[in-house]
Amino acid sequence: MTSEPTQIAPRTDGRTVTLPAVRELHYGSGALELAAAQLSAMGEERVFVIASRFSAAAVDRLAGALGDAYAGSFDEVVMHVRRDSVDAGLEAARRAGATALISIGGGTEIDCTKAIALCLACGFGSAHELAAYRVRAGAGAGQAVAPVSIAPPRHLAVPTTLSGAETTTLFGVTDPESSEKHVYSDPSLAPWTVVLDPGVAAGTPDWLWASSGMRAVDHAVESVLSPRAWPLQDAVALEGLRVLRHNLIYSALNPDEVAARRACQLGAWMASYAVETSGVGLSHAIGHQLAPQFDLAHGVTSAIMLPHVMGFNADVTAPALERIASAGWGGGGAQAAVDGIRELAGSLRAAGIATTLSEAGADRPALDAVADRVIADPSIDTNPKPVVRADVMALFAAAWE
Numbered sequence: 000m001t002s003e004p005t006q007i008a009p010r011t012d013g014r015t016v017t018l019p020a021v022r023e024l025h026y027g028s029g030a031l032e033l034a035a036a037q038l039s040a041m042g043e044e045r046v047f048v049i050a051s052r053f054s055a056a057a058v059d060r061l062a063g064a065l066g067d068a069y070a071g072s073f074d075e076v077v078m079h080v081r082r083d084s085v086d087a088g089l090e091a092a093r094r095a096g097a098t099a100l101i102s103i104g105g106g107t108e109i110d111c112t113k114a115i116a117l118c119l120a121c122g123f124g125s126a127h128e129l130a131a132y133r134v135r136a137g138a139g140a141g142q143a144v145a146p147v148s149i150a151p152p153r154h155l156a157v158p159t160t161l162s163g164a165e166t167t168t169l170f171g172v173t174d175p176e177s178s179e180k181h182v183y184s185d186p187s188l189a190p191w192t193v194v195l196d197p198g199v200a201a202g203t204p205d206w207l208w209a210s211s212g213m214r215a216v217d218h219a220v221e222s223v224l225s226p227r228a229w230p231l232q233d234a235v236a237l238e239g240l241r242v243l244r245h246n247l248i249y250s251a252l253n254p255d256e257v258a259a260r261r262a263c264q265l266g267a268w269m270a271s272y273a274v275e276t277s278g279v280g281l282s283h284a285i286g287h288q289l290a291p292q293f294d295l296a297h298g299v300t301s302a303i304m305l306p307h308v309m310g311f312n313a314d315v316t317a318p319a320l321e322r323i324a325s326a327g328w329g330g331g332g333a334q335a336a337v338d339g340i341r342e343l344a345g346s347l348r349a350a351g352i353a354t355t356l357s358e359a360g361a362d363r364p365a366l367d368a369v370a371d372r373v374i375a376d377p378s379i380d381t382n383p384k385p386v387v388r389a390d391v392m393a394l395f396a397a398a399w400e
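If you're matching positions, the sequence shown starts at 0 in numbering that gives the first Met the number 0 and goes up one per residue.
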């Protein structure tokens with residue numbers, strides 16, 4: 000008796016994959032102290048912390064664990080990493096004589112720390128000098144102009160949200176004058192160590208946890224839909240989506256439920272691990288530019304735009320959408336995946352997350368300029384199909400109310 004060979008999804012003739020560069024992952028309660036002890040054991044004498052304002056208790060824990068190696072902290076990073084925040088943090092780190100960096104917070108703090116690390120390695124006096132590392136549309140995902148010749152300071156990342164910035168070699172900095180977010184990259188910029196401690200994450204506000212979780216869902220979905228998807232990444236992304244779908248809203252509304260927050264941390268890790276090898280697409284390109292324009296969390300833009308973008312790409316991604324539906328909702332076909340993501344985003348209203356542009360406070364005339372920046376965003380390069388400006392404006396219209 001013979002049978003047809005099983006096909007591995009997504010089907011591919013093969014390609015070379017660069018795996019995420021994080022060297023160590025510690026997860027579970029007490030992981031923060033373990034990682035800090037390891038950093039001290041490596042001989043780091045001046046460890047400087049970039050933290051969110053919600054993380055004071057975790058900074059105190061770190062200071063105690065580091066002892067004399069603790070060199071101080073900076074907690075004034077503005078959401079979406081305004082360039083002047085990088086400059087202020089860079090000055091503080093230099094003044095402290097930092098030899099290693101720890102970020103505690105969400106994507107804002109983690110990305111700011113990457114920017115500071117790159118500036119320290121290159122001897123830059125300001126984030127204005129980062130232009131050589133900017134990634135532009137058409138250059139290819141993750142392609143920067145110049146390699147870093149001097150290793151940046153070790154970076155230990157302690158995420159308190161589900162943004163996934165801790166796994167990537169990319170970071171974004173926002174021009175405070177234009178509100179345009181610029182993306183930068185170098186393979187050396189992935190944190191050396193990542194710490195997932197649910198006790199630290201328990202202090203994250205419900206709305207921020209919920210919205211960042213939706214961003215993690217966006218990572219998983221766009222990873223699976225990517226034209227650069229490959230079998231291992233696909234499996235990891237789908238499992239991350241399944242975990243997030245079952246734990247996100249419960250963990251947001253019950254922050255003391257450590258098991259649910261730990262599950263979400265691992266689900267978000269899977270999603271961001273996957274997306275580092277596949278690239279993202281139009282939902283992320285929109286989020287990069289829409290969020291700083293209207294001072295929205297990235298997860299809010301994901302909640303609003305991801306279902307619409309999935310619908311836009313559906314004619315070329317049906318098999319991938321079916322896998323998403325099976326992982327998160329037990330099957331039902333491509334439309335079930337779109338409907339399931341829309342339902343998940345809607346459930347986050349209980350945590351205060353908007354699901355339309357008008358509800359989020361967007362200014363309709365300003366969307367014209369946002370659309371121009373979306374088309375220039377490098378994430379557009381790995382969308383499943385080509386995108387023109389009129390497509391973006393049509394999606395904004397559909398998402399308005």
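By construction, the Cβ of each residue, glycine as well, lies at the ideal position given by its N, Cα and C atoms. Given the structure is predicted, the values throughout are model-derived calculations rather than measurements.
Helix or strand or just coil, what does DSSP make of residue i?
{"i": "V46", "result": "strand"}
{"i": "L169", "result": "strand"}
{"i": "S184", "result": "strand"}
{"i": "E342", "result": "helix"}
{"i": "T192", "result": "strand"}
{"i": "A370", "result": "helix"}
{"i": "L356", "result": "helix"}
{"i": "V147", "result": "coil"}
{"i": "E23", "result": "strand"}
{"i": "R153", "result": "strand"}
{"i": "P158", "result": "strand"}
{"i": "R388", "result": "helix"}
{"i": "M309", "result": "helix"}
{"i": "S178", "result": "coil"}
{"i": "R52", "result": "coil"}
{"i": "T15", "result": "coil"}
{"i": "T381", "result": "helix"}
{"i": "G63", "result": "helix"}
{"i": "E400", "result": "coil"}
{"i": "G298", "result": "helix"}
{"i": "V337", "result": "helix"}
{"i": "V279", "result": "coil"}
{"i": "M41", "result": "coil"}
{"i": "S325", "result": "helix"}
{"i": "A375", "result": "coil"}
{"i": "A361", "result": "coil"}
{"i": "G332", "result": "coil"}
Only counting the same chain, and skipping five residues up and downstream in sequence, which positions put a Cβ closer than 8 angstroms to that of residue i?
{"i": "M213", "result": "L247, G298, V299, S301, A302, L305, L343, A344, L347, I352"}
{"i": "G71", "result": "F47, V48, A91, A95"}
{"i": "A290", "result": "H79, K180, A296, H297, V299, T300"}
{"i": "F293", "result": "A359, G360, A361, D362, A365"}
Give a yes or no on whether 7 angstroms exceeds the smallest Cβ distance from residue i to chain D.
{"i": "G163", "result": "Any reference to chain D falls outside this structure, which holds one protein chain only."}
For my contact list, residue i and residue j are in at a C-beta cut-off of 8 angstroms; report their separation, rounded to the angstrom.
{"i": "V223", "j": "I101", "result": "That belief does not hold up - the Cβ atoms of V223 and I101 are roughly 32 angstroms apart, past 8 angstroms."}
{"i": "I285", "j": "M309", "result": "Incorrect: roughly 12 angstroms between the Cβ atoms, too far for contact."}
{"i": "L117", "j": "V80", "result": "That pair is no contact at about 12 angstroms."}
{"i": "E238", "j": "H283", "result": "The pair is not a contact, with the Cβ atoms about 20 angstroms apart (cut-off 8 angstroms)."}
{"i": "V242", "j": "V182", "result": "Going by Cβ atoms, the distance from V242 to V182 rounds to 27 angstroms, so no, they are not a contact pair."}
{"i": "P158", "j": "G105", "result": "7 angstroms"}
{"i": "L33", "j": "H25", "result": "6 angstroms"}
{"i": "I103", "j": "A50", "result": "4 angstroms"}
{"i": "A126", "j": "D86", "result": "6 angstroms"}
{"i": "T192", "j": "R22", "result": "7 angstroms"}
{"i": "A35", "j": "L65", "result": "5 angstroms"}
{"i": "P151", "j": "L129", "result": "Not confirmed; about 12 angstroms, so no contact."}
{"i": "L31", "j": "A57", "result": "7 angstroms"}
Might you give, ordered along the chain, the residues of its own chain that have their beta carbon closer than 6 angstroms to the beta carbon of residue i, omitting 5 neighbours on each side?
{"i": "K113", "result": "F170, L188"}
{"i": "V315", "result": "P383, K384"}
{"i": "A273", "result": "S222, Q232, V235, A236"}
{"i": "T276", "result": "V16, Q232"}
{"i": "S162", "result": "G105, G106, S211, R214"}
{"i": "S225", "result": "S277, G278, T381"}
{"i": "L281", "result": "V308, N382, V386"}
{"i": "A164", "result": "G106, I109, D110"}
{"i": "G141", "result": "Reliability of the predicted coordinates at G141 is poor, the pLDDT of 44 falling under 50, and the value obtained from them is presented with this limitation in mind. Once the five neighbours on either side are set aside, the close Cβ partners of G141 are S184."}
{"i": "R261", "result": "P197"}
{"i": "A156", "result": "S102, I109, E165, P190, V193"}
Counting only the same chain and skipping the five closest in sequence on each side, list residues whose C-beta sits under 7 angstroms from that of residue i.
{"i": "D376", "result": "A136, A284, H287, Q288"}
{"i": "A20", "result": "T168, P186, A189"}
{"i": "R244", "result": "G327, L343"}
{"i": "G88", "result": "I49, F73, V76, C111, I115"}
Which runs of the alpha helix (DSSP H), 4 residues or longer, sit entirely within the region 65 to 136? 82 to 95, 106 to 121
Closer than 8 angstroms is the cut-off here; do at least three beta carbon pairs connect the region 263 to 278 with the region 358 to 368? no
Could you tell me whether the region 311 to 319 touches the region 248 to 265, using the rule of 3 or more Cβ pairs below 8 angstroms? no
Pick out the complete alpha helix (DSSP H) segments inside the region 188 to 276, 4 residues or longer, and give them in chain order. 197 to 200, 205 to 224, 230 to 252
Cβ contact check for the region 386 to 399 and the region 183 to 202: 3 or more pairs under 8 angstroms: no
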